[in-house]
Amino acid sequence: MTNEYVLEMRGISKAFPGVKALNDMQFQLKKGEIHALMGENGAGKSTFIKIITGVHQPTEGEMLLLGEKVSFQNPKQAQQQGIAAIYQHVTSYPDLSVAENIFMNHEVRHPVWKTLNWREMHKQARQLLRELGSSLDPKTQMNTLSVAQQQIVEIAKAISTKAKIIIMDEPTAALTARESEELYRITEKLRDEGTSIIFISHRFEDMYRLASRVTVLRDSNYIGTWDVEDISNEKLIVAMVGREINQIFPDKKTSAGETVLDVKNLSKLGEFDDISFSIKSGEILGMTGLVGAGRTEVCQAIFGITAFDKGEILLSGSSIRNKNPQEAMDNGIGYLAEDRLDQGLLVDWSIEKNITLANLTDLSTLTWIHRDKEKRQAKEFGEKVHIKATSIFDSVNSLSGGNQQKVAVAKLLTKDLKVILLDEPTKGVDIGAKAAIYEIVQNLAEAGYAVLFVSSEMPEILGMSDRILVMKEGRIAADFVNRGITQEMILEAAMGEEQVQEKSG
Amino acid sequence: MEQKKQTYQPRTLETNLPFSWKRLFFQWEWMLLLILVAVLLLGSYVSPYFLNYPSLRDGTMVFLDKALIVFPMAMIMIMRDIDISVGSTVALSSVVMATLYTSAGLPMEVAIIACLATGAICGLINGLLIVKFKELSAVIVTLGTMILYRGIAYIILEDQAAGGFPEWFGFFGWGYVFGIPFLLIVFAVLAVVFGIVLHKTTFGRKVFAIGNNPTASRFSGIKVDKVKVIVFMLAGLLAAVTAIFLTSRMGSTRPNIATMYELDIIAMAALGGVSTAGGKGRVLGVVIAVFIIGYLQYGLGLINLPSQMFLIIVGALLILSVAIPKLGGMIKRK
Amino acid sequence: MKIKTENLEMEKKNPLALFYQFRELGLFFFIVILCIGVQLRNPSFLTGENILDMATNTSILVILALGMMIVLITRGIDLSIGAVIALSGMLTAQLVAANPSVNPFLCLLIGTVIGALCGMVIGVLVAKVGLLPIIATLALMNIFRGLTFLVSDGEWVSSYQMSESFVEIATGTFLGLNHLIWIAVLFCLVFFYFLNYTRTGRQIYAVGSNPQSAAVSGIKQGRILFLVYTIMGGLSGLCGVLWVSKFASAQGDTASGYELTVIAACILGGVSIAGGSGKLAGVLLGAILLGILNNALPLLNVSPFWQNGIQGFIILLAVIVNAVVKRRVERTHLLRRAG
Amino acid sequence: SQGAPESSGASGGGESNDGPKKYAFVFKNTGNPYGEKMLDGFESTIKELGGEVILRSPDQPTAEGQIQIIEQLITQKVDVIAVAGNDPDALEPALKKAKDQGIKVLSVDSAVNAASRDIHVNQANPERIGRVQIEAVSEMIDGEGQIAVLSATSQATNQNTWIEWMKKELEKEDYKDIELVKVAYGDDLRDKSVSETEALLKSYPDLKAIIAPTTVGIAAAGKVLTDKGLEGQIALTGLGLPSEMATYIESGVSPWMYLWNPIDVGKGAAYAAYELGEGNITGELGEKVDLRDLGEVEVVEDGEGTQIMLGDPFKFDETNIDEWKDVY
Ligand SMILES: Nc1ncnc2c1ncn2[C@@H]1O[C@H](COP(=O)(O)OP(=O)(O)OP(=O)(O)O)[C@@H](O)[C@H]1O
Ligand SMILES: Nc1ncnc2c1ncn2[C@@H]1O[C@H](COP(=O)(O)OP(=O)(O)OP(=O)(O)O)[C@@H](O)[C@H]1O
Ligand SMILES: [Mg+2]
Ligand SMILES: [Mg+2]
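Chains as they are written, first to last, in the numbering used here: chain A, -3 to 501; chain B, 4 to 337; chain C, 26 to 364; chain D, 9 to 336.
Laid out in C-alpha cells, this is it:
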C-alpha cells in the first residue's frame, strides 16, 4: 500500500473560548497497531480524540485518512469513515436497553422496510457481550448497570460498528484488574484482526501491556512519540510531567492509634451482607474487589446516604446511625464520592463555592454568609491540596480531572472529621495528580484521620494501605495486613471459585 | 494553564476578581431595565393618563397582588421544580378566611391567621408529597393539588359568595401609607427579604446548590428534602398573603377567584431571568419583570387595547426578551 | 461483574418478569378498582353505550397525549396545544362556513397543516434559537390564543353554518364505532410502530435520555426536536378540527387549559418530565383514567360541588398508588437478586 | 388581561368635562358573541347620541379582570361606566371608588349589588325568565315527567337567580307531576356540558326534558340529543343564541327556546347610561326613563337597588329562527 499510516494528523490545534486545548499536535497511526496516548489531566488527550471523531473541529491543522485529506463536520461522518470511539465520560442512554445503546444510530434494519430488527440486534448484542466475557442481557436497562458494566457496553458499541480505527479514552478507569484483562484480550484480538487502536490511559501497566508505540502530550503540546520498548518508565514520566517524580507512593510513617470506626455485621438486602471491619486513627484501610462488589454501597450506607438493614456502626465506641450525610459529617465521617461529576461537585460553580458548600454554617452568623471568611477558607484549603488554578473563582468544569478531585477533597477537609471514606479517589487522574493525592491521603492519616481507601487499582492499594479488605459479591472475602501481599493473592480472594465458573461456562 | 506542574511547590489562589466592565454590564437585569424604561416611555406616549405619580402608583395595585407569589415561585424554579397549584391555594385560603368570618363568626384577625395557616398547609402538602414520592414530578403533584384545593373551595362555598368584611379589612387592598399603597410597601419589603435570603444566606445558597446538582448537594450534607418542603410552604404562605390582598380588593370571595394565576406568575419569573432548567435567577430581575408586565398591561389598558392584543404582546415580549440574547450569542459564535 | 449480571438474566427468565416489566401496573389495578366502584354506584356505567361514549369523548385526549408523550420524552413540554386547537378549529370552521362544499378530508388536512405550522414555530424557537420549551410554549400559548380571538373577532361559528359532511367527521360511525375512536386507534398503532420500529422513533428517546451522547453518536438533535414539536402541533391542529366537528361550534376559548389535562394524562401514564422514558401503553392508561373520571363523576350523582375535589383527590391517589406499587416491584427484584 | 374597544379611536384623549362625554361598557369577557352584540348595540347608540365609547372586557370572565379595567377607566376619567358584572359583590370596592369620583355606574344584563350601582338595566324580568321556561317545558312534556337543568358554572349569578325562579314556579299546583331531578353545571365548556348531558341521560332514563338557561349549555345539549337521535323523546329548551340553536330548532330537538335581543339590551343600556350621564335621571324609584324606540320604562325597585326592565324574553321557534340566526 502507498502509505503505512491509517490515520495521520498534522499540526492540529484547537482553541476553546479562553483555553488553548491543543497546540500543533502531530500523530501517526499504523494499521493494526495499538498506539498509547498519554499525558496529564488537561493535556488535551480527549480533545484530540474528539477532533478525530468529528465532535470538535480543529482550529488549525489537517487530517489524513489512508493518505486522503479529510475533515469531519460531525461525528456521523467520522463513523461512516470507520472511526469509533469510547469516550472518557461514559456516554450511554440510561433509559434505553443495552442492545439499543450498542446499536444506537447504526441499528440493524429490515433491508426493504427499514424497520428495526430487534431480534437480530439482541442476538448480535448478546454475541458481542459474550466475546467481551460478559453475560449481560441485552434487554437490561442501562441505568441498572454498574459503571464497569456500562464501560463494557461502550466497548461492545465501538466494536459493533466494525470500525477500522477504534479509540479508547481511559476505558480502564472504572475497571478492576480482572475486567482490564478481558479488555486487553479484546483489544489485542481486534488488533490482530487489523484494527488500529488509540488507547488513552493514566495507567502505565495498560500501556506496557498493550501498546507498541506511545505518544505523549503535555500542556496541550506535542512532546513526542516513542516505541514502547525504547522508553523507560522514568523518561516517560519526565516527558509527561516535565520533571522527575522519584517516588509515587509516600513512605509510611504512621502510628495507628486507637480504633475510631468500628463496623459490625452491616447488611443491606441485595447490596452487601455481614460487613465487619474497623479502622484506627492514623490508619489507611484499603478496600478493593471486583467492580460491583458493593464497596460504594458500604461507604454510602456508613455515610447515611442509603439505609442499611442490619448491623451497627460504632464511632470511637459509641453506636451511631446516620440518617443523612449531614448527620454523618457532624459525627465526623466524610465521604469522597466515586462519581466526581454527578455526586462530588457542582461543576458550574466556582472552586470557592464548591469547597465551602459543606461548611456553610461555620461561615455564617444567623445564616448570613460572610463572604470574606468564605473566600479565606476556600483559599486556605484550596492551597492545602495544591489546586492548579489561577483564582478561587475559576469554575470547576474548567479544571482537569485531577484538580476537580482535589476540589472535592478540599471540601471534605473543611469539616473537622475523624473518618474519611475515599471511593476511587484517583479514578481517571494523571500520574502527577495521583502522587499529589497519595501524599494528601498520607498526610491525612498522619494528621490522625482514619482513612478508608476504596480502589480498583492493585498497585495503589498495595502502595497505600496498612490493611487491605477484599470484597466479593457484597461480602468481605479477605482481610490482609499489608505485609508481603501480592496482587495474585488479592485477585485470588476477589474472584475465588468464580474462576471455576469461568471455565465451566 | 501556563504555570508548570509543580505539584509539591505551594501555589497561591487569587481571592479577588479583577474589575471588569463586561461582568458589570453583561447582565440580564440591564436588559430588563431597558425594557421597563421603554414600556414607561411607550405608556406616556400613548396615554396622557399614564405617566404621573397617582396613575403609576395606583397602577401597581392592579398587578402587584399576584406578584407576591413570584418570589417563592422563583425559588421553586431555581430548584428545577414548579408549582401550578398556587392559584388554587389563593382561592382556598381566601374561601376559608371568608367562611370562618361570615359563617363561623370568628373575629377577622383569627380568620386572617387561619387564611395564612391554610396557605402554608397547602404548600406543606405539596412539598411533602414531592419529597416523599420522588418518582412523581412536581408538575403532576401540584397539578393534582391544583384541582383538589379549588375543589375543596367549591365544597366549602358551593355557589355562594362570602363577604361583608369589617371596614378596616379593605385597607389591605385599597389602603395607603404616607401616600404609598400598602400593597406596594409589602411587595417592596418582601422583595428585600427574599433578595437577602436568596443571595446572602446559607438557605439561599442551598437553594441554588440543589438547583445546580441535587445529588452532589445531598452528598455535601444539604438536607435537600427539608429545603424543598420549606420553599413549597413559602409558596403556599405567600399565596395566602395574596389571598388576603385580593379578597380585600374584591370585598368578597368565591371559589373561582385567582384562576390561571400560576401561568402569569411563571411568566413573570421567567422574564425575570429565572431559568426553569434550574440553578439560575436573581430577585432583582424578577422584580423588574413584574413591573414590566404590570405596567405594560396597565398602559395598554389605558388606551383600551383589546385583551387579545395584550395576550399577543406579552407573549411576543416574553419570547423576544429571552431570544434576543441567545441570537446575539449565536451570531457571536458565527 | 458476572455476579450481578447473571441474576439479572435470571430475572428475565422468571415467568413473572413480563408481568413486572409493565411499569404502570399500579395504575392499571387502580383503574380496574375505580371502575368497579363506579359500577356499584351507578349500574349504567359499564353499559355498552356508556363505554362507547367514554371512548368517543376520550379519543381526542388520547391523540393529543401521544404527541405530548414524545415532547415530554425529549425533556420538553408544550403548553400551547389548547390555543393551537382553538386556532386551527376556528380557521377551519370559518372556511367551512364560507364554502360548505369543501371536502371533510381537506378540512382535516388543512387543520393539521395549520397546527403543524404553529408547531414548527415552536420547533424553531426550541431547536434552533434554544429557548426553554416551557417559556417558548407559554408565550406562544398567549399568541395563538390572541390570534384566535382576532381572526374570529369575538364571533362563534355555529352548527347551522357547518355542512353535514363536516359534522359527520366526528359524529359518523364505522362498524358501529365513532370515527374519533378509529382515528385514535389508528394513531396508537402508527405511534407504536414509529416509536419502536423506526430509527427516528428511537432517536427521540435517545435525545431525551442523554443529549450529550446523542450528540457524540451523531444524532441531529435539532432535527429531532423540530420534528417532535411539529408532530405535536400537527396533532393539535387535527384535534382542533375534530373538536369543532364534534361539538359543532367553534369559539375563541375552545379547549383553554386543555394542555394541563393532556400533560396529566402523560405523567399519570408514567412519562417522566425528566425525559427519556415513556411508554405508549402507560399514556393510554393515563388518558383512559382521565376519560373515566370525566364520564363517571357526573354519573356518581354526588353534589356537583364535590366533583373537582374528588377528581383532584383521585388523580393524586392514582399517581401515589402507582408509585407505591412500582417500589414494591423494585423490592421484589432485589429480593430475588439477593437470592 | 385587558378589554376590547371594538372600534372608535377611543385613545381616551381630552379632559372629561370638555369635549364629548365618555361612556364605558365593561362586559363579562371577550370572544362571546352574545356580549359582542350587546357591545355593538351600546356603541352604535352612544355614537348616535354623540358620546365617546369605550368598550372593554377581560379575556377571562373574572371579577379580578373587571376590577383592573374599572381602575383604568377611573384613571381615564370616564363619565359613565356600564358593567355586566362577573360577580355582584366583588366589584363593589372598585365601583364605589368610581362613584366617589363622580362617575355614574349602571349594571347591565348581570347585576352588581345595589351599593355599587346607580341603576340596573335588566334585559328581562328574571322572574319571567325563570317561570317562562318552566311553562315551556310543561307544555312540551304535557305537564308530567322528570326534567333536569343544565346550567353554566355554579358561580353564574344570573343562572342561579333564574333557577331559583324556576323552582318557585314548579311549586305551583299545575306542575305537581313535573320533577326537577338535578341541576348540573356544564361550566359553559363544550366538553363538560356534553358529558354532563350524557350523564343526565344515563342516570335518569325516564328524563323527559332538559332546561339549559345558558348559550353554551343549550347548544351542547342540543348536539348530544341530536347525535343520540333523541329528538321527540327528550325536549330541550332554555336560553340560547339563535345562531347556535338554529340547527336544533329546525330539527325539532328543541321545539323552541328563549332569549332577548342583546343588541336591544345594548341600546337600552346606552340610553340609560346617556340619561344618567346627562343627569336627566339619578336612578331614583319611580323615575321615567326614555329609551327612545324601546319605549319609556319606569324605574322599579330590585332588592335594595333599582332597575329598569326591557320586557319579556323573546321566543324563538322554527317560524322565526331563520330570520334571526344570522343576526346573533
Ligand atoms: N468544551 C470545552 N470547553 C472549554 N475548555 C475545554 C473543553 N473541553 C476541554 N477543555 C479544556 O481543554 C483542556 C484539555 O482537556 P482534555 O479533556 O482534552 O484533557 P485530557 O487530556 O483528556 O485530561 P484527562 O486526562 O483528565 O481526561 C483542559 O484544560 C480542559 O479544561
Ligand atoms: N448488576 C447490577 N445491577 C444493578 N445495579 C448495579 C449492578 N452493579 C452495580 N450496580 C449499582 O451501580 C452502582 C455502582 O456500581 P459499582 O460496581 O461501582 O458498585 P461498587 O462495586 O460498590 O463500586 P466500585 O466501582 O467501587 O466497585 C452501585 O450503586 C451499584 O448498586
Ligand atoms: Mg480526557
Ligand atoms: Mg463504586
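Glycine included, each C-beta is placed from N, C-alpha and C at the ideal position.
Exercise. Which ranges does the beta strand (DSSP E) cover as unbroken runs of at least 3 residues, wholly within the stretch 148 to 192 of chain C, from first to last along the chain?
Worked result: The qualifying runs do not exist here; there are none.
Exercise. Mapping DSSP to helix, strand and coil, what is residue 445 of chain A?
Worked result: By 1-based counting over the first sequence, the position of residue 445 of chain A is 449. Three-state DSSP puts residue 445 of chain A in coil, outside helix and strand.
Exercise. Comparing the CB of residue 208 of chain A with every heavy atom of ligand 1, is any distance shorter than 6 Å?
Worked result: Sequence index remark: in the first sequence, residue 208 of chain A carries index 212 (1-based). Outside the cutoff, so no.
Exercise. From which residue to which residue does the alpha helix (DSSP H) around residue 484 of chain A run?
Worked result: Taking the first residue of the first sequence as position 1, residue 484 of chain A is located at position 488. If you look at residue 484 of chain A, you'll find it in the alpha helix (DSSP H) that goes 483 to 491.
Problem set entry | Shell residues, 5 Å Cβ cut-off relative to heavy atoms of ligand 1 | Ordered by chain, the residues meeting the criterion of a beta-carbon within less than 5 Å of a non-hydrogen atom of ligand 1 are A:12, A:15, A:17, A:37, A:38, A:39, A:40, A:41, A:42, A:43, A:396 and A:397.
Exercise. Which first and last residues belong to the beta strand (DSSP E) in which residue 118 of chain D is found?
Worked result: Residue numbering aside, residue 118 of chain D sits at position 110 when the fourth sequence is read from its first letter. Looking at the DSSP string, residue 118 of chain D is not in any beta strand (DSSP E), and its letter there is neither H nor E.
Exercise. Are the stretch 102 to 118 of chain B and the stretch 57 to 71 of chain B touching by the rule of at least three beta carbon pairs closer than 8 Å?
Worked result: A contact is defined here as three or more CB-CB pairs under 8 Å, and the stretch 102 to 118 of chain B fails this definition with respect to the stretch 57 to 71 of chain B.
Exercise. Anyone know if the C-beta pair for residue 312 of chain C and residue 107 of chain C falls short of 7 Å?
Worked result: One-based indexing of the third sequence puts residue 312 of chain C at position 287. One-based indexing of the third sequence puts residue 107 of chain C at position 82. Cβ distance not < 7 Å, so residue 312 of chain C and residue 107 of chain C don't count as in contact.
Problem set entry | Straight-line Cα distance separating residue 299 of chain C from residue 311 of chain A | As a working note, residue 311 of chain A is residue 315 in the first sequence. As a working note, residue 299 of chain C is residue 274 in the third sequence. For residue 311 of chain A and residue 299 of chain C, the gap between their C-alpha atoms comes out near 39 Å.
For this session: Measuring only between beta-carbons, confirm whether residue 460 of chain A sits less than 7 Å from chain B.
Result: Counted from its first residue, the first sequence places residue 460 of chain A at position 464. So, not an interface residue.
Problem set entry | Interfacial residues, the stretch 379 to 395 of chain A to chain B, with Cβ spacing under 8 Å | Along the stretch 379 to 395 of chain A, the positions whose C-beta sits under 8 Å from a C-beta of chain B are 379, 382, 383, 384, 385, 386, 387, 388 and 389, read in chain order.
Exercise. Within the present structure, is the beta-carbon of residue 158 of chain B separated from the nearest heavy atom of ligand 5 by less than 6 Å?
Worked result: Inclusion of ligand 5 in the displayed structure is not the case, the ligand content consisting of ligand 1, ligand 2, ligand 3 and ligand 4 alone.
Problem set entry | Helix, strand or coil at residue 464 of chain A [DSSP, three-state] | Here residue 464 of chain A refers to the residue found at position 468 when the first sequence is read from its first residue. In the structure shown, residue 464 of chain A sits in a strand (DSSP, three-state: E or B).
Exercise. Listing by chain order, which chain A residues have their CB less than 8 Å from the CB of residue 204 of chain B?
Worked result: By one-based count along the second sequence, residue 204 of chain B stands at place 201. Around residue 204 of chain B, the beta-carbon contacts reaching into chain A at under 8 Å are 360, 363, 364 and 365.
For this session: For the alpha helix (DSSP H) holding residue 369 of chain A, just list the boundary residues, first then last.
Result: As a position in the first sequence, residue 369 of chain A is number 373, starting the count at 1. It spans 367 to 380 - the alpha helix (DSSP H) in which residue 369 of chain A sits, taken as one unbroken run.
For this session: Specify the secondary structure class of residue 109 of chain A as computed by DSSP and reduced to three states.
Result: Position 113 of the first sequence, counted from the start, is the residue given in the question as residue 109 of chain A. In this structure, residue 109 of chain A counts as coil in the three-state DSSP scheme.
Problem set entry | Min CB distance residue 237 of chain C to chain B below 7 Å | Within the third sequence, numbered from 1, the residue matching residue 237 of chain C stands at position 212. Proximity of residue 237 of chain C to chain B, defined by a Cβ-Cβ separation below 7 Å, is not satisfied.
Problem set entry | Residues near residue 230 of chain B in its chain [Cβ-Cβ closer than 8 Å; skip 5 each side] | Translated into the one-based positions of the second sequence, residue 230 of chain B becomes position 227. For residue 230 of chain B, same chain residues with a beta-carbon under 8 Å away, outside a window of 5 residues either side, are 82, 206, 209, 210 and 213 in chain order.
For this session: Have a look at residue 267 of chain A and residue 301 of chain C and give me their C-alpha separation to the nearest angstrom.
Result: As a first step, residue 267 of chain A is located in the first sequence; it is residue number 271 there, counting from the start. As a first step, residue 301 of chain C is located in the third sequence; it is residue number 276 there, counting from the start. Taking the straight line joining both Cα atoms gives about 27 Å.
For this session: Determine whether the Cβ of residue 215 of chain B lies closer than 7 Å to any Cβ atom of chain A.
Result: Indexing the second sequence from 1 puts residue 215 of chain B at position 212. Answer yes: the Cβ-Cβ gap between residue 215 of chain B and chain A drops below 7 Å somewhere.
Exercise. Which chain A residues sit within Cβ distance under 7 Å of residue 244 of chain C?
Worked result: Locating residue 244 of chain C in the third sequence gives position 219, where the first residue counts as 1. Taking a Cβ-Cβ threshold of 7 Å, the residues of chain A close to residue 244 of chain C are 101, in chain order.
Exercise. Chain B partners of residue 40 of chain D, CB-CB under 9 Å?
Worked result: Numbered from 1 along the fourth sequence, position 32 holds the residue referred to as residue 40 of chain D. What residue 40 of chain D touches in chain B: nothing, since even the nearest Cβ is about 12 Å away.
Problem set entry | Rounded separation between residue 291 of chain D and residue 128 of chain D - CA only | By 1-based counting over the fourth sequence, the position of residue 291 of chain D is 283. By 1-based counting over the fourth sequence, the position of residue 128 of chain D is 120. Spanning the two alpha carbons is a distance of roughly 9 Å.
Exercise. Given that a residue counts as buried once 16 or more other Cβ atoms are within 10 Å of its Cβ, and exposed if not, what is residue 12 of chain B?
Worked result: Along the second sequence, read from residue 1 onward, the residue named residue 12 of chain B stands at position 9. Interpretation of residue 12 of chain B is limited by its pLDDT of 49, a score under 50 that renders its predicted location unreliable; the figure taken from the coordinates is listed afterwards. An exposed status is given to residue 12 of chain B, since fewer than 16 other beta-carbon atoms sit within 10 Å of its beta-carbon.
Problem set entry | residue 89 of chain B to residue 278 of chain B span [Cα, whole Å] | Your numbering for residue 89 of chain B matches position 86 in the second sequence. Your numbering for residue 278 of chain B matches position 275 in the second sequence. Annotation: residue 89 of chain B to residue 278 of chain B spans about 19 Å, alpha carbon to alpha carbon.
Problem set entry | residue 182 of chain D versus residue 152 of chain D - alpha carbon distance | Within the fourth sequence, numbered from 1, the residue matching residue 182 of chain D stands at position 174. Within the fourth sequence, numbered from 1, the residue matching residue 152 of chain D stands at position 144. Whole-angstrom Cα-Cα distance: 9 Å.
For this session: Put residue 91 of chain A into one of helix, strand or coil per three-state DSSP.
Result: Within the first sequence, numbered from 1, the residue matching residue 91 of chain A stands at position 95. Under the three-state reduction of DSSP output, residue 91 of chain A falls in the coil class, being neither helix nor strand.
For this session: Could you name the residues of chain D that residue 298 of chain B contacts, counting a contact when the two beta carbons are closer than 7 Å?
Result: Working through the second sequence from its first residue, we reach residue 298 of chain B at position 295. The contacting residues do not exist; residue 298 of chain B stays about 12 Å from chain D at best.
For this session: State the CB to CB distance for the pair residue 104 of chain D and residue 123 of chain D, rounded to an integer number of angstroms; the pair is presumed to be in contact (CB under 8 Å).
Result: Taking the first residue of the fourth sequence as position 1, residue 104 of chain D is located at position 96. Taking the first residue of the fourth sequence as position 1, residue 123 of chain D is located at position 115. That pair is a contact at about 7 Å.
For this session: Name, please, each residue of chain C whose Cβ falls closer than 8 Å to the Cβ of residue 51 of chain A.
Result: For the purposes of this step, residue 51 of chain A is taken as the residue at position 55 of the first sequence. Within chain C, 240 and 241 have C-beta atoms less than 8 Å from the C-beta of residue 51 of chain A, given in sequence order.
Exercise. Below 7 Å between beta carbons: does that hold for residue 268 of chain C and residue 158 of chain B?
Worked result: In the third sequence, residue 268 of chain C corresponds to position 243, counting from 1. In the second sequence, residue 158 of chain B corresponds to position 155, counting from 1. Between residue 268 of chain C and residue 158 of chain B, the CB-CB gap reaches or exceeds 7 Å.
Exercise. DSSP state of residue 101 of chain A, grouped into three classes?
Worked result: Numbered from its first residue, the first sequence carries residue 101 of chain A at position 105. DSSP, reduced to helix, strand and coil, places residue 101 of chain A outside both helices and strands of the structure shown, so it counts as coil.
Exercise. Which class does residue 236 of chain C belong to by DSSP, given the choice of helix, strand or coil?
Worked result: For the purposes of this step, residue 236 of chain C is taken as residue 211 along the third sequence, with counting starting at 1. Looking at residue 236 of chain C - three-state DSSP - the assignment turns out to be helix.
Problem set entry | Where residue 224 of chain C meets chain A, residues with beta-carbon distance less than 8 Å | Reading the third sequence from its first residue, position 199 is the one you call residue 224 of chain C. Residues of chain A passing the Cβ test: 101, 103, 105, 110 and 112.
Problem set entry | Whole-Å CB distance - residue 512 of chain A paired with residue 204 of chain B, under 8 Å assumed | The requested residue 512 of chain A is not part of the displayed model; chain A covers only -3 to 501.
Problem set entry | Cut-off 6 Å between Cβ atoms - residues of its own chain near residue 4 of chain B, not counting five sequence neighbours on either side | In the second sequence, the residue the question calls residue 4 of chain B occupies position 1. Model confidence at residue 4 of chain B stands at a pLDDT of 36, short of 50, so the residue's coordinates are unreliable and nothing is read from them.
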